[in-house]
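Trainee:
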Amino acid sequence: MTPPLARLEWKVATVVDIRDETRRARTLVLEVPEWPGHLAGQHVDVRLVAEDGYQAQRSYSIASAPGSRHVELTVERIENAEVSPYLCDVLQRGDGVEVRGPIGGYFVWRSEDPGPLLLVGGGSGVVPLMSMLRHHAANARIPARLLYSARTLDDVIYRNELDALAATGGAEISIALTRESPGDWRGFRRRIDRAMLEEIAWPASEGARAYVCGPTPLVESVATLLVELGYDASQVRTERFGPTG
Amino acid sequence: MSDRPFIARGFHSRRPAENANRIPPGQYETRDFPVLSAGPTPRTPLARWDFTITGSNGRTVRWSWEELRALPHEQPTVDIHCVTKWSKLDTKWEGVSVDTLLALASDGGVNETGFVVAFSDGGYTTNVPLSDVKGGKAWIVFGYDGAPLPAEHGGPARLLIPHLYFWKSAKWVRGLRLTERNEPGFWEQLGYHDRGDPWREQRYQGDP
């Protein structure tokens, strides 16, 4: 681990592209001046300053792979919040936005890390896992599995890319739809539970590393179940997303 | 330092003005109680739980769960500030002042030095200067909002240092190790600030 010694300075990034991912989530493609590079799983802080000096900051996970030309953030719109509606509805291509980072050194995956890779995400918790999957796809030495829980098929972020990863064998992708699912849906139709993890998670004896990211109840439940299934607690890394706006 | 903020086009304040002077820069008030931790929630049976304070001279004073609970309680109501940007006002805790524990540790031969490493079930550590846990500023708490502290919020017991960012308030705390020198803890080795004063916005290494 090499922590940054110099101060993480605020930089004005330029929005060079915007992609709508779902009804509630969009990806901001940012050109960040002097971006030092990041590790898969890290996040940035975003700061918004109003004319009257009022400021708001939030953390957003980086979705793009390490080494990408641009930094991509996928932001889910939280109703009645103050930052995500701005990023999702007001910010336009060509606008500037202040960021600093990358931040975080524990919820990170490096391509040289040992063991099969297990990624478990809920909702927008898939964002840092996507950075890991993209990094993995370019550096695949070990097998990877993603178990991703979303409310409906329309809420699945990166759906086409995940389908493509699964089709090319780059990773095994399992999706659990918790609210409604199409009649011909072949994935799971329930919340992530013990039986699902017994089916999807690598056996503990294979020395897997797990990354779990999503709403607190999902993360608490999955992390506890993985430990019950024999995972060493130090091999289960978690990041909890609250509805923090 | 070129830190003049860039004005975000079309961004306006939505913060209710009433508590503005209690919210540090870059923070927002939440009524929820978000949970943040780096790994699974550890669960140690109370019969095997203990709390220790160890000095740099090797002396250790130990309390069982019952012994800790039997010490004089305090009920601090404090504002807390998480480095992930949320602040929560008027949180109500119950526990034992670290002053009480340090005095008993001193009686037991533990020598007093300038720094503290708090350590927890699950391997978490965090470091603070001794001066940040003395003088009515820190507690070992086992009650929250009139009920036992839930495991996901650090129960059975956590450190509470409300004047610093909340990662310093180690969950699942099992003891304090007094050290001669500052020894960076878990997040402090991963790029987070050594002291973490929210009013000075000391989030990451290199912040003022």
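Sequence order for the protein chains is A and B.
The first sequence begins at 1 in my numbering and counts up by one.
The second sequence begins at 246 in my numbering and counts up by one.
For each residue, glycine too, the CB sits at the ideal point set by N, CA and C.
Given the structure is predicted, the values throughout are model-derived calculations rather than measurements.
Only counting the same chain, and skipping five residues up and downstream in sequence, which positions put a Cβ closer than 7 Å to that of B:G430?
Mentor: Excluding positions up to five away in sequence, the list reads V362, T370, T371 and N372.
Trainee: For the ligand HEM, is there any heavy atom lying closer than 7 Å to the beta carbon of A:E72?
Mentor: Annotation note on the ligand HEM: not contained in the displayed structure, which lists no ligands.
Trainee: Between A:T224 and chain B, is any beta-carbon pair separated by less than 8 Å?
Mentor: It does: the Cβ of A:T224 has a partner Cβ on chain B nearer than 8 Å.
Trainee: Three-state secondary structure (DSSP) at A:Y86?
Mentor: Helix, per DSSP.
Trainee: Could you give the first and the last residue of the continuous alpha helix (DSSP H) run that contains A:H136?
Mentor: Run containing A:H136: V126 to A138, per the alpha helix (DSSP H) assignment.
Trainee: B:F364 bridges to which residues according to DSSP?
Mentor: B:T370 and B:G420, per the DSSP bridge assignment.
Trainee: Please report the distance separating the alpha-carbon of B:L404 from that of B:K416.
Mentor: B:L404 and B:K416: Cα-Cα distance of roughly 6 Å.
Trainee: Give the DSSP-derived three-state secondary structure of A:T14 in the structure shown.
Mentor: Looking at A:T14 - three-state DSSP - the assignment turns out to be strand.
Trainee: Can you tell me where the alpha helix (DSSP H) with A:S221 in it begins and where it stops?
Mentor: A:S221 -> alpha helix (DSSP H) spans T216 to E228.
Trainee: Mark A:A81 as exposed unless 16 or more other C-beta atoms lie within 10 angstroms of its C-beta, in which case mark it buried.
Mentor: Buried is the call here.
Trainee: From the DSSP output, in three-state form, read off A:D155 for me.
Mentor: Here A:D155 sits in helix by DSSP.
Trainee: With respect to the beta strand (DSSP E) encompassing A:L73, which residues constitute its N-terminal and C-terminal limits?
Mentor: Here the beta strand (DSSP E) through A:L73 covers V71 to E76.
Trainee: Going by DSSP in three states, A:L162 sits in which element: helix, strand or coil?
Mentor: Of the three classes helix, strand and coil, the one that applies to A:L162 here is helix, per DSSP.
Trainee: In this structure, what does DSSP give as the bridge partners for A:G121?
Mentor: A:G121 is bridged to A:Y148 and A:C213.
Trainee: List, in chain order, every chain A residue whose beta-carbon is nearer than 8 Å to that of B:A392.
Mentor: Going along chain A, no residue has its Cβ under 8 Å from B:A392, so there is no contact; the nearest lies around 18 Å.
Trainee: Any chance the segment 341–356 of chain B sits against the segment 284–294 of chain B, with 3 or more Cβ pairs inside 8 Å?
Mentor: Segments in contact, no.
Trainee: B:S351 lies in the alpha helix (DSSP H); which residues open and close that run?
Mentor: Taken as a continuous stretch (DSSP letters only), the alpha helix (DSSP H) holding B:S351 covers V343 to D352.
Trainee: Thinking C-alpha only, which one of A:A137, A:A150 and A:E172 is nearest A:V126?
Mentor: The residue with the shortest Cα to Cα distance from A:V126 is A:A150.
Trainee: With a threshold of 8 Å on Cβ separation, who are the neighbours of B:P374 within its own chain once the five nearest residues in sequence on each side are excluded?
Mentor: G359, F360, V361, N427 and R440, listed in sequence order.
Trainee: Just to make sure I have the definition right: I need the residues of chain A whose C-beta is within less than 7 Å of the C-beta of B:R422. Which are they?
Mentor: Here the premise fails: no neighbours, minimum Cβ distance about 20 Å.
Trainee: For B:Y449, which residues of its own chain have a beta-carbon under 8 Å away from its beta-carbon, when the five flanking residues on both sides are left out?
Mentor: Contacts found: G436, Y437 and H438.
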